[in-house]
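Remarks on the structure that follows.
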Amino acid sequence: MTGRTPPVAVRADLNISLDGYASTTDQTAENPMGDDWFRLTGAYSATRTFRERVFGDTSGAGTTGVDDAYARAYFENIGAEIMGAGMFGLHLNADDPDWRGWWGDEPPFHVPVFVLTHAPRPSIEMAGGTTFHFRDASPEAALAEATAAAGGADVRIGGGVRTVRSFLAAGLVDALHVAIAPILLGRGQNLWHELRGLEQQYAVSSETAESGVVHVTFRR
């Protein structure tokens, strides 16, 4: 496998632990991602593609190989993104009308992003083609709007884990990729909670990277 996926309608990618946790409980106001997050995503954030697309590092530094192939696939053919309020940072800044997210002045999405929240606010246009739209909507309604905005390209369900799980439970995800880090967390939000038998809806394949991360893909 090369890490590339054929064109699909709805995609999701998550980093999870061996015991299925995709988020942790060690966050603080000073460290909103928590120390465990970097244990989960270390191999991904070390790739050449991540360094270039997220950090703006065009020096060519970073790992290549299997992890980088999946990192490249993550960014390919995306026309719109859906994320939860936590991924935008609203859970820590709900009362700040000027909060523009923690993705910097030029977020790495470069497409319309639909943020699911119970407290909608005006859209925010950022540099590089990213516009954040805030919607109090069901997965089905959010997906319909994102699909229209994607212009024939794919829609990515970016996270966090509760958001991805809600789209999986509704049967709306065509391709799910999980990068399983060789660590045990034992706490946090478990991706597989109440999704017993999910694999029966998909063809499942796996590939082990040089880092020890196992990439498992569920595809209709």
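Going letter by letter, the sequence shown gives residues 1055 to 1274 in my numbering. Even for Gly, the Cβ is constructed at its ideal location relative to N, Cα and C.
query                                                                                                     : result
Whole-angstrom C-beta distance between PRO1162 and VAL1108, which should lie under 8 Å                    : 5 Å
Through-space distance from ASP1150 to SER1259, alpha-carbon basis                                        : 43 Å
Residue from GLY1110, LEU1239, LEU1252 and ALA1066 whose Cα sits closest to the Cα of ALA1223             : LEU1252
Inter-residue Cα distance where the pair is THR1059 and ALA1127                                           : Note that THR1059 has pLDDT 47, beneath the 50 cutoff, so the model's placement of it is unreliable and the number below is only indicative. Their Cα atoms are separated by approximately 7 Å.
Buried/exposed call for MET1055, threshold 16 Cβ in 10 Å                                                  : With a pLDDT of 40 at MET1055, under the threshold of 50, the modelled position of that residue is not reliable, and the figure given next carries that caveat. Classification for MET1055: exposed.
Identity of the residue in TRP1157, VAL1167 and HIS1145 nearest THR1201 by Cα                             : VAL1167
CB contact flag (SER1077, GLY1214, <7 Å)                                                                  : yes
Residue burial classification, PHE1092 (beta-carbon count within 10 angstroms, cutoff 16)                 : exposed
Contiguous alpha helix (DSSP H) assignments of at least 4 residues, all confined to the segment 1135-1169 : 1139-1142
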